[in-house]
Amino acid sequence: MPWLVRTALAWRAEVRDDSVPPLAPEVEAFLAGSRRSVLVTLRPDGSPTAHPMTALCAGGRLAYNTYRKSAKARNAARDPRTCSLLLAGYDDSLERALVYKGRVRILDPASLELTSPARARPSGAPASGVPDRAVTRLQEGKRVLLGVDADETVMLDRSSEG
């Protein structure tokens, strides 16, 4: 399991919000197999802006890794309302997508136990290596995880169109 997914799972266990309804099994299954995503945040004037992102899914929730000073992180800090469109994987023969509307939280990396993933090393390289750049950036506070709790989800399936 990739280190960032493990981190998102740890976040989900740590900040459990029982007011957020559980997701339908088909929604959770789709989340588990989908990484292609468009995150929509609101600009200061209230207009929407879209950010193509790689989705991190853990425990039926979304998380995104981004720079703290990015427009999406600044927008999320100002207005937590968000919507994501998750697309089926490239190998999925069905034309499906998931609309995931909710509220985003900027997670404090200091509250998460971040560890570098195991990295492949060339033969003969020292066992102690430079920590993964993304983990280092999270630990330094240059990057943040945006955790999203769903208020509403809608599965879109082209085969169900009339």
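Going by my numbering, the sequence shown opens with residue 231, and the numbers climb by one from there. Beta carbons: idealized from backbone N, C-alpha and C, even for Gly. On a predicted model such as this, the values are computed, not experimentally measured, just so you know.
Between A327 and L386, the C-beta gap is smaller than 8 Å, which places the two residues in contact. Using a 10 angstroms sphere on the CB of G276, the tally of other CB atoms stays under 16, which defines it as exposed. Contact check for T312 against R298 fails: the beta carbons are separated by 8 Å or more.
Within the model, the alpha-carbon separation for H281 versus A301 is close to 9 Å. For P274 and A259, the gap between their C-alpha atoms comes out near 34 Å.
Sixteen is the threshold: when 16 or more other Cβ atoms of the shown chains lie within 10 Å of the Cβ of T383, as they do, the residue is buried.
Taken in chain order, the unbroken stretches of beta strand (DSSP E) that lie wholly in the region 263 to 333 and span 3 residues or more are 266 to 272, 278 to 284, 286 to 288, 291 to 297, 311 to 317.
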